[in-house]
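Residue numbers (my numbering): 6 to 297.
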Amino acid sequence: MTGNLLGIHAGVWVGDWADDSARYAIESSAQAGYDLIEIPAVDPRTTDLALTVRLLEQTGLDAVVSLALDASTDINTEDAEVSAHGERLLSRTVDFARDIGARYIGGVTYSAMVKYTHPATEASRQNSLAVLRRIADKARASGITIGVEYVNRYESNLLNTAAQTVRFIEDLDAENVLLHLDTFHANSEELSLAQAVRDAGALLGYIHASESHRGHLGTGILDFPGLFRQLALSGYTGPITFESFSSAIHPRDTADTIGIWRDPWTDPALAARNAYAFLRAQLDAAALAHAA
Numbered sequence: 006m007t008g009n010l011l012g013i014h015a016g017v018w019v020g021d022w023a024d025d026s027a028r029y030a031i032e033s034s035a036q037a038g039y040d041l042i043e044i045p046a047v048d049p050r051t052t053d054l055a056l057t058v059r060l061l062e063q064t065g066l067d068a069v070v071s072l073a074l075d076a077s078t079d080i081n082t083e084d085a086e087v088s089a090h091g092e093r094l095l096s097r098t099v100d101f102a103r104d105i106g107a108r109y110i111g112g113v114t115y116s117a118m119v120k121y122t123h124p125a126t127e128a129s130r131q132n133s134l135a136v137l138r139r140i141a142d143k144a145r146a147s148g149i150t151i152g153v154e155y156v157n158r159y160e161s162n163l164l165n166t167a168a169q170t171v172r173f174i175e176d177l178d179a180e181n182v183l184l185h186l187d188t189f190h191a192n193s194e195e196l197s198l199a200q201a202v203r204d205a206g207a208l209l210g211y212i213h214a215s216e217s218h219r220g221h222l223g224t225g226i227l228d229f230p231g232l233f234r235q236l237a238l239s240g241y242t243g244p245i246t247f248e249s250f251s252s253a254i255h256p257r258d259t260a261d262t263i264g265i266w267r268d269p270w271t272d273p274a275l276a277a278r279n280a281y282a283f284l285r286a287q288l289d290a291a292a293l294a295h296a297a
């Protein structure tokens, strides 16, 4: 269990990926002890990719990329035009990941991250699968894995549990697609975090560690000890990434989109340090218990 890379979402540090923001986020993540940084997808045509690559090389950090589709780029739809917008965005994200040397793209890659007013249809699900098969095929050519992050019922009508996501990935039938578990969302929909890990099984490939209130890890109601014990029992060796957001960092329009109505913290460096210490302690405790 000690081999897990510990990561941090760039959104803890910055609300964009301008040159100064990229430098600050990458250097601060390395200084806080993290192994990788999760970078939100940006348009590779308008970003200084060479700077990002250089900063990653200088700090020794690995990088992964994430995104969430929205209503204008939804592929969980029967609207061909909207789906095409989503497929183009996913394709550009593969280009961005490839060009900065990232080998993983995760997030809400299969659906808009919005409050739907109706259930998913079989046709919208099949469209999502068809688009992701093509994107996974493109990603495979660059050695990139796609993560499917299920979210709560208020942010997708398609995938809300690990069991649903396993069935979706099995239907997708692409060898480079894995399940992305976010503890915040799992807390809303699963019987327990440990059960979510059991349901995910061998498809579990990436974890967002996010507290029940999206604030400092270990200060909410999530059963992190139970989660980490199950991860140790399951032999999970993938990344575990701290994810939390504050309007102290993000502009108001972004904060409104992701529902930051109250700030869980105002000091990103403190949030990052506390999260790293918490995750390391959980890993160590679970490893000792598993060895006993």
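The beta carbon of each residue, even a glycine, is placed where N, CA and C say it ideally should be.
Fair warning: this is a prediction, and the values are worked out from it, not measured in the lab.
Whether residue i touches residue j by CB criterion (8 Å)
{"i": "Thr-383", "j": "Ile-110", "result": "The question about residue 383 has no answer, for the chain in this structure spans 6 to 297."}
{"i": "Gly-210", "j": "Gly-243", "result": "yes"}
{"i": "Ile-265", "j": "Gly-20", "result": "no"}
{"i": "Phe-229", "j": "Val-17", "result": "no"}
{"i": "Phe-250", "j": "Arg-278", "result": "no"}
{"i": "Asn-132", "j": "Glu-83", "result": "yes"}
For residue j and residue i, the rounded distance between their alpha carbons
{"i": "Ser-116", "j": "Glu-195", "result": "20 Å"}
{"i": "Thr-7", "j": "Leu-41", "result": "Residue placement at Thr-7 is flagged as unreliable, the pLDDT there being 49, under the threshold of 50; the coordinate-derived value follows with that caveat. Looking at the two C-alpha atoms, the distance is approximately 15 Å."}
{"i": "Ala-205", "j": "Ala-296", "result": "23 Å"}
{"i": "Tyr-155", "j": "Tyr-121", "result": "14 Å"}
{"i": "Asp-100", "j": "Thr-114", "result": "15 Å"}
{"i": "Asp-25", "j": "Ala-146", "result": "32 Å"}
{"i": "Glu-127", "j": "Ala-85", "result": "15 Å"}
{"i": "Ala-207", "j": "His-185", "result": "12 Å"}
{"i": "Thr-182", "j": "Gly-148", "result": "One point to set straight first is that residue 182 is Val, not Thr, in the sequence displayed. If you take the alpha carbons of Val-182 and Gly-148, they lie about 11 Å apart."}
{"i": "Val-47", "j": "Ala-201", "result": "30 Å"}
{"i": "Thr-78", "j": "Val-87", "result": "5 Å"}
{"i": "Arg-1", "j": "Ala-276", "result": "The requested residue 1 is not part of the displayed model; the chain covers only 6 to 297."}
{"i": "Arg-234", "j": "Ala-290", "result": "8 Å"}
{"i": "Ser-197", "j": "Leu-164", "result": "17 Å"}
{"i": "Val-119", "j": "Ile-263", "result": "9 Å"}
For residue i, the three-state DSSP class (helix, strand or coil)
{"i": "Tyr-211", "result": "strand"}
{"i": "Thr-246", "result": "strand"}
{"i": "Ala-294", "result": "helix"}
{"i": "Leu-183", "result": "strand"}
{"i": "Ala-167", "result": "helix"}
{"i": "Ile-151", "result": "strand"}
{"i": "Ala-85", "result": "helix"}
{"i": "Thr-7", "result": "At Thr-7 the pLDDT is 49, less than 50, meaning the model places this residue with poor confidence; the figure from the coordinates comes in the next sentence. Reduced to three states, the DSSP call for Thr-7 is coil."}
{"i": "Gly-353", "result": "Lying outside 6 to 297, the shown extent of the chain, residue 353 is not represented and no answer is given."}
Rounded Cβ spacing between residue i and residue j (contact assumed at less than 8 Å)
{"i": "Tyr-281", "j": "Leu-11", "result": "6 Å"}
{"i": "Asn-81", "j": "Ala-125", "result": "6 Å"}
{"i": "Ser-217", "j": "Asp-187", "result": "Contact flag wrong, Cβ pair sits at about 12 Å."}
{"i": "Ala-107", "j": "Val-70", "result": "5 Å"}
Per DSSP, the bridge partner or partners of residue i
{"i": "Asp-67", "result": "Leu-41"}
{"i": "Leu-72", "result": "Gly-112"}
{"i": "His-14", "result": "Glu-43"}
{"i": "Ala-117", "result": "Leu-74"}
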